[in-house]
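Below is one structure; the comments refer to it alone.
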Amino acid sequence: MSAPATPIFSADEERAVRAHAAAVARRNRPASLLLAAGAAVVVALVFAGLSVSRARSAQRAVESAAATRAAVQSVVDQIEALRAESASARTDGRYSRRLQLSTLAAINQRVGLDTPPVLQQNPPRSSGPDSPIEKRIVSVTMVNAPLAAALRWIGEAQRAIPGLFVTAIELRPTPAGWTVRVQVARWELKR
Numbered sequence: 000m001s002a003p004a005t006p007i008f009s010a011d012e013e014r015a016v017r018a019h020a021a022a023v024a025r026r027n028r029p030a031s032l033l034l035a036a037g038a039a040v041v042v043a044l045v046f047a048g049l050s051v052s053r054a055r056s057a058q059r060a061v062e063s064a065a066a067t068r069a070a071v072q073s074v075v076d077q078i079e080a081l082r083a084e085s086a087s088a089r090t091d092g093r094y095s096r097r098l099q100l101s102t103l104a105a106i107n108q109r110v111g112l113d114t115p116p117v118l119q120q121n122p123p124r125s126s127g128p129d130s131p132i133e134k135r136i137v138s139v140t141m142v143n144a145p146l147a148a149a150l151r152w153i154g155e156a157q158r159a160i161p162g163l164f165v166t167a168i169e170l171r172p173t174p175a176g177w178t179v180r181v182q183v184a185r186w187e188l189k190r
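All letters in the sequence shown, in the order written, are residues 0 to 190 by numbering that gives the first Met the number 0.
See below:
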């Protein structure tokens with residue numbers, strides 16, 4: 000029989016070697032570096048998300064401003080055309096209220112509305128004290144109308160009367176169809 004093997008290290012040396020081996024193993028798996036890198040990635044993703052959100056918000060603001068600018072430019076163009084027309088030849092009977100209301104009233108037969116819309120001419124609004132033009136507004140109410148026919152009526156009105164535009168629209172469902180309230184307007188020469 001052979002004699003039992005004598006230990007190479009003493010108990011204290013063995014504890015020191017084990018502690019050193021554990022420290023080397025921890026250095027080979029740097030958890031703090033992985034946590035720091037993960038935190039940096041999360042922070043970068045948060046900042047990227049905020050940047051994308053701000054960019055989208057800015058893009059929506061630019062698109063809204065462009066749409067507003069286009070609408071304002073359209074009104075300015077109409078005003079300038081009316082001013083030029085007023086300066087060249089003014090004809091008082093040319094922009095008759097009856098003509099506009101009768102034209103609007105006749106549209107319902109073409110688009111398939113069973114009940115004619117109720118038309119109400121609002122007082123004209125002047126663009127300024129010395130301006131030769133004013134904004135004529137007509138309130139139109141369609142009760143129990145099919146939505147498609149009401150929308151066709153709006154499109155047909157804009158085609159039938161040059162310069163007519165929609166300033167407001169309200170849609171409410173009813174059991175028999177829709178109640179549609181529309182305000183249409185047009186810049187016209189003052190009387």
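Beta carbons: idealized from backbone N, C-alpha and C, even for Gly.
- Assigned with DSSP and collapsed to three states, S130 falls in coil, not helix or strand.
- Where G176 is concerned, there is no enclosing alpha helix (DSSP H), although the beta strand (DSSP E) around it starts and stops at 176-188.
- Residue range 10-27 is occupied by the alpha helix (DSSP H) that includes R26.
- Sixteen is the threshold: when 16 or more other Cβ atoms of the shown chains lie within 10 Å of the Cβ of Q99, as they do, the residue is buried.
- As the crow flies, the alpha-carbon of P128 is around 16 Å from that of R135.
- With a cut-off of 8 Å on Cβ pairs, the region 105-118 is in contact with the region 139-157, counting three or more such pairs.
- Under the DSSP assignment, I153 falls in the alpha helix (DSSP H) whose first and last residues are 146-159.
- Under DSSP, A39 shares a beta bridge with no residue.
- In the three-state reduction of the DSSP assignment, I136 falls in the strand class.
- In this structure Q119 is not in contact with V142, their Cβ atoms being roughly 14 Å apart against a cut-off of 8 Å.
- Within the model, the alpha-carbon separation for A69 versus R82 is close to 20 Å.
- N143 carries a strand assignment under DSSP once its states are collapsed to helix, strand and coil.
- Look at I106 here: in three-state DSSP terms it is helix.
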